[in-house]
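Chemist:
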Amino acid sequence: MAEFLTLESAIAANVHDGDVVALEGFTHLIPFAAGHEIIRQRRRDLTLVRLTPDLICDQLIGAGCARKLIFSWGGNPGVGSLHRFRDAVENGWPRSLDLDEHTHAGLANRFVAGAAGLPFAVLRAYAGTDVRAANSTIANVTCPFTGEVLAAVAAIRPDITIIHAQQADRAGNVRLWGITGVQKESVLAATRSIVTVEEIVDNFSDDRNAVVLPSWTVTAIAHVPGGCYPSYAAGYSERDNDYYEAWEDLSRDRAVFEDWLERRVYERGSA
Amino acid sequence: MKRAFTTDEIMTIAASRELIGARSCFVGIGLPSIAANLARSLHSPGLVLVYESGTIGAKPTRLPLSIGDGELARTADIVVSVPEIFNYWLQPGRIDVGMLSGAQVDCFANLNTTVIGSYEHPKVRLPGAGGAPEIATACPRTIIVMRQSKRTFVAHLDFLTTVGFGVGAGSRASLGMPGAGPSVLISDLGMFRPDPETFEMILTSLHPGVSVVDVRNATGWDLKVSGELIETAEPTDEELDYVRRLNFGTSAEATN
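Line by line, the protein sequences are chains A and B. At position 141 of the first sequence the residue is numbered 143 (my numbering), and the sequence of numbers has no breaks. At position 48 of the second sequence the residue is numbered 301 (my numbering), and the sequence of numbers has no breaks.
Encoded structure:
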């Protein structure tokens, strides 16, 4: 059953140096507060997994928490580059970063295989691309029924998946809606999971077919209203597009970024 | 008097015209999103816009900054998960047209969105693949929109992220790619369509005021020109009004 913890305790108990850590939420419901808590607790040598690393991984990479990134599109959506990610890949600052890169469909299916308890997933993808050639977690597989050659992608099973959701009930069941990305698959694929939530409610209203993760599939829940800012939680907040645009200048320069890190992450207490 | 227009405007308007008659379009952010939203506002009100965030039938009133903006979900007919959008909707070829962009394109309309320089030690690390490779595989046809220069229209890609026509005739079939591939490549200078025999992209239309020499000077390969070269129709007042109303300046090209 999910345990209700503070965010600080949930991260301290469940995220360890060297872990494979998935932080999911496709533009919507990105668990920023949890990412900042990982930075504050100075975790190191993490393998981060996210389809779209977004600002959250840019911040974790710039803070020196990651040694590897498994991803499928590493940009600042609609704005441009992730400069901390680029600095790590291009210049090895603050340390070098190994890459395991996929397409969205490929990485989503790696989570699907992990959630399904299968060793790999199958899709029609990667043929003829250098993405295929650059990556050891992609292979060809021949359909035993039709003979078609398809791509196999290795299952991914994170040590821990962290997501943000709109609601938990008092029994620890989790509900999220709107753009649901790959959250359900990434939690079910992981050994442990932390969910930060906007609100804890007595009972879920049953008027929509939203994703529900039963309490027994979740390790810890932390009540963190606004924990996905500057992304958003449908029904609770709007995406702060200005923040995403401001990140372009804020993240470009190492010193400016480190000043931001000091003031906005280290000097702030846990939520 | 004719109204002035920018090269980005004619490129976007030309791309939106290519969506006339399409039922559905899988849309990337940046230039493709502008063109697809223009098409839906202007001449294809029933066009189903599909974003990789899982929003199907999105009807944004202003240009989204990201593919996951709240307005896309609020206005969509349905919202599905990321595995579902790729596995159930894109992969079987249910989405008619894919609209793509890139940092580099070659003469067979293959795209690079991954690195400039070597993969191991890139000069510029770009965002990577996203949804483009599967869009290019599965959609019955694709449209490519990107600004043209010798840096972007290159003889050899630094990295092949997304297959257009591979190495030419027969490539897509041998790679098991069901879609027909790029029907058109649209730049800020002109339009290029595949030669029916070789599948090399050849110049078929010049935007108003642009010469063949201009296009050659901005192309890194030995460009072939169609025997039936035409001029792209000038933007109508209505097209220009709509493209400007779409808040043209807000959405930077995601691949920078």
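Just so it is clear, CB atoms sit at the ideal spot from N, CA and C, and this is done for glycine as well. None of the values given here were measured: they were computed from a predicted structure.
Are the C-beta atoms of Val218 (chain B) and some chain A residue less than 7 Å apart?
Modeler: This structure cannot settle anything about residue 218 (chain B), because the visible part of chain B is limited to 254 through 509.
Chemist: Given that a residue counts as buried once 16 or more other Cβ atoms are within 10 Å of its Cβ, and exposed if not, what is Ala507 (chain B)?
Modeler: No answer about Ala507 (chain B) holds up, because its pLDDT of 31 lies below 50 and its placement is not dependable.
Chemist: Ile41 (chain A) versus chain B: which residues are under 9 Å apart at the beta carbon?
Modeler: Within 9 Å Cβ-Cβ: nothing; Ile41 (chain A) doesn't reach chain B, min ~22 Å.
Chemist: Between Glu305 (chain B) and chain A, is any beta-carbon pair separated by less than 7 Å?
Modeler: The beta carbon of Glu305 (chain B) falls within 7 Å of a beta carbon belonging to chain A, placing the residue at that interface.
Chemist: Using a beta-carbon distance below 7 Å, is Ser354 (chain B) in contact with chain A?
Modeler: no
Chemist: Can you check which of these residues, B:Ala362, B:Arg293, B:Leu318, is closest to Asn243 (chain A) by C-alpha distance?
Modeler: B:Leu318
Chemist: Anything in chain A within Cβ reach of Leu476 (chain B), meaning under 9 Å, just list it in chain order.
Modeler: Within chain A, no residue comes near Leu476 (chain B); the closest Cβ sits about 23 Å away, beyond 9 Å.
Chemist: Take the Cβ of Tyr304 (chain B) as the centre, count every other Cβ of all protein chains shown within 10 Å, and call the residue buried at 16 or more, exposed below.
Modeler: buried
Chemist: Taking Phe73 (chain A) as the query, report the chain B residues whose CB atoms sit under 8 Å from its CB, ordered along the chain.
Modeler: Those within 8 Å of Phe73 (chain A) in chain B are Gly381.
Chemist: Counting only beta-carbon separations shorter than 7 Å, does Ala505 (chain B) have a partner in chain A?
Modeler: Confidence at Ala505 (chain B) is low in this model, with a pLDDT of 37, below 50, so the placement of that residue should be treated as unreliable; the coordinate-derived value is given next. With 7 Å as the cut-off, Ala505 (chain B) counts as an interface residue toward chain A.
Chemist: Is there at least one Cβ from chain A nearer than 7 Å to Gly484 (chain B)'s Cβ?
Modeler: Correcting the residue identity first, residue 484 (chain B) is Glu in this sequence and not Gly. By this cut-off, Glu484 (chain B) is not an interface position.
Chemist: How long is the line joining the alpha carbons of Val335 (chain B) and Pro298 (chain B), rounded to whole angstroms?
Modeler: 26 Å
Chemist: Please list, in chain order, all residues of the same chain as Cys1 (chain A) whose beta carbon is under 7 Å from its beta carbon, the five residues on each side excluded.
Modeler: With chain A running from 3 to 273 in the structure shown, residue 1 (chain A) is simply not present.
Chemist: Tell me the residue span of the alpha helix (DSSP H) that contains Arg293 (chain B).
Modeler: 284-295
Chemist: Taking the Cβ atom as the reference point for each residue, do Asn365 (chain B) and Phe418 (chain B) lie within a distance shorter than 7 Å?
Modeler: no
Chemist: With a threshold of 7 Å between beta carbons, is Glu200 (chain A) in contact with chain B?
Modeler: no
Chemist: Name the two residues that bound the continuous alpha helix (DSSP H) containing His225 (chain A).
Modeler: In this chain, His225 (chain A) is not harboured by any alpha helix (DSSP H); it is covered by the beta strand (DSSP E) spanning 222-225.
Chemist: Check the Cβ-Cβ distances between Val416 (chain B) and every residue of chain A, and say whether any is below 7 Å.
Modeler: Output row for Val416 (chain B): interface = yes.
Chemist: Can you find a CB in chain B that lies within less than 7 Å of the CB of Arg126 (chain A)?
Modeler: yes
Chemist: Output the distance between the C-alpha atoms of Arg469 (chain B) and Val437 (chain B), rounded to the nearest integer angstrom.
Modeler: 18 Å
Chemist: Rounded to the nearest angstrom, how far is the Cβ of Leu353 (chain B) from that of Thr415 (chain B), given a contact under 8 Å?
Modeler: 7 Å
Chemist: Tell me whether Val301 (chain B) is buried or exposed, calling it buried when 16 or more other Cβ atoms sit within 10 Å of its Cβ.
Modeler: buried
Chemist: Given a cut-off of 7 Å on the beta-carbon distance, is the pair Glu47 (chain A) and Asp89 (chain A) in contact?
Modeler: In the sequence as presented, Glu is not what sits at residue 47 (chain A); that position holds Asp. For Asp47 (chain A) and Asp89 (chain A), no; Cβs fall outside 7 Å.
Chemist: Per DSSP, what are the beta-bridge partners of Met444 (chain B) in this structure?
Modeler: B:Ile439, B:Ser458
Chemist: Tell me the rounded alpha-carbon separation between Thr163 (chain A) and Arg497 (chain B).
Modeler: 43 Å
Chemist: Looking at Leu9 (chain A) and Ala224 (chain A), is the spacing between their C-beta atoms short of 7 Å?
Modeler: yes
Chemist: Give the DSSP-derived three-state secondary structure of Lys477 (chain B) in the structure shown.
Modeler: coil
Chemist: Cβ of Val114 (chain A) less than 7 Å from any chain B Cβ?
Modeler: yes
Chemist: Using CA coordinates, which residue listed in A:Pro160, A:Ile58, A:Pro146 is at the minimum distance from Asn16 (chain A)?
Modeler: A:Pro160
Chemist: Use the C-beta contact count for Val466 (chain B): other C-beta atoms within 10 angstroms, 16 or more gives buried, fewer gives exposed.
Modeler: exposed
Chemist: With Asp244 (chain A) as the anchor, note down where its alpha helix (DSSP H) starts and where it stops.
Modeler: 243-252
Chemist: Against Arg86 (chain A), what residues of chain B qualify as contacts under a CB-to-CB distance less than 7 Å, listed in chain order?
Modeler: Those within 7 Å of Arg86 (chain A) in chain B number zero; the least Cβ separation is about 11 Å.
Chemist: Opposite Thr366 (chain B) in the DSSP bridges: which residues?
Modeler: Paired residue(s): none; Thr366 (chain B) is not in a bridge.
Chemist: Curious, which full-length alpha helix (DSSP H) runs of at least 4 residues does the segment 5-31 of chain A contain?
Modeler: Note on the segment 5-31 of chain A: whole alpha helix (DSSP H) runs with a minimum of 4 residues are 9-16, in chain order.
Chemist: Please state the DSSP three-state secondary structure of Val496 (chain B).
Modeler: helix
Chemist: For Asn175 (chain A), does the count of other Cβ atoms within 10 angstroms reach 16, so buried, or fall short, so exposed?
Modeler: buried
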